[in-house]
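Report on the following structure.
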């Protein structure tokens, strides 16, 4: 299983950073060759289902996900949600947190455990590197930085 962590600081208030990081449709607009569809009616929270479809034409796959924990930010407490990936190709989990950053603004932390069926464990470092780059860019885009 490939494990990676990405952190980004933003001048945005924590509540706005949380709102942007929980806009799952926006995630797909920032990941190359990916579209995201939210399958559950709002509001977003535990049980929200969405699918990221990545690829071109027949060389595409679905990455279905479910929100399994949901804790919006509150005074003195970071916001945190957890996703479970339940696809035939991509499996794993992600935890996304939004903290108050020392000196103001927000600190976003994305931690993911990822497994891609058919990819040998020897390639986990390559998957981790790709994950840090892809999700780092997504965080930059979501946070406006």
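Numbering (this note's numbering), first residue to last: 1 to 145. Using N, Cα and C, we set each Cβ at its ideal position, and we do this for glycine too.
Which residue or residues does DSSP assign as beta-bridge partners of residue i?
{"i": "residue 103", "result": "The partner list for residue 103 (beta bridge, DSSP) is empty, contrary to what the question assumes."}
{"i": "residue 92", "result": "85, 114"}
{"i": "residue 109", "result": "7, 97"}
Identify the continuous beta strand (DSSP E) that holds residue i and give its terminal residues.
{"i": "residue 80", "result": "79-86"}
{"i": "residue 52", "result": "49-56"}
{"i": "residue 59", "result": "59-71"}
{"i": "residue 44", "result": "Note, residue 44: premise wrong, no beta strand (DSSP E); not H, not E."}
{"i": "residue 31", "result": "Counting along the chain, residue 31 falls outside any beta strand (DSSP E), and DSSP gives it neither H nor E."}
{"i": "residue 3", "result": "2-10"}
Taking a contact to mean a Cβ-Cβ separation below 8 Å, would you say residue i touches residue j in this structure?
{"i": "residue 131", "j": "residue 112", "result": "yes"}
{"i": "residue 66", "j": "residue 49", "result": "yes"}
{"i": "residue 143", "j": "residue 20", "result": "yes"}
{"i": "residue 30", "j": "residue 105", "result": "no"}
{"i": "residue 62", "j": "residue 28", "result": "no"}
{"i": "residue 119", "j": "residue 107", "result": "no"}
{"i": "residue 82", "j": "residue 68", "result": "yes"}
At what residues does the alpha helix (DSSP H) containing residue i begin and finish?
{"i": "residue 134", "result": "124-142"}
{"i": "residue 21", "result": "14-21"}
Could you round the C-beta distance between residue i and residue j to whole angstroms and report it? I think they count as a contact, below 8 Å.
{"i": "residue 109", "j": "residue 7", "result": "5 Å"}
{"i": "residue 2", "j": "residue 124", "result": "4 Å"}
**Asked** Can you find at least 3 beta carbon pairs, one from the region 83-101 and one from the region 32-46, that sit closer than 8 Å?
**Response** Three or more beta-carbon pairs separated by less than 8 Å are not found between the region 83-101 and the region 32-46, which leaves the two stretches without contact.
**Message:** Would the region 51-58 count as touching the region 67-78 if we require 3 or more Cβ pairs under 8 Å?
**Reply:** Between the region 51-58 and the region 67-78 there are fewer than three inter-stretch CB-CB distances shorter than 8 Å, so the stretches are not counted as touching.
**Sufficient close CB pairs (3 or more, under 8 Å) joining the region 106-123 to the region 78-95** = Contact between the region 106-123 and the region 78-95 is present: three or more C-beta pairs spanning the two stretches fall below 8 Å.
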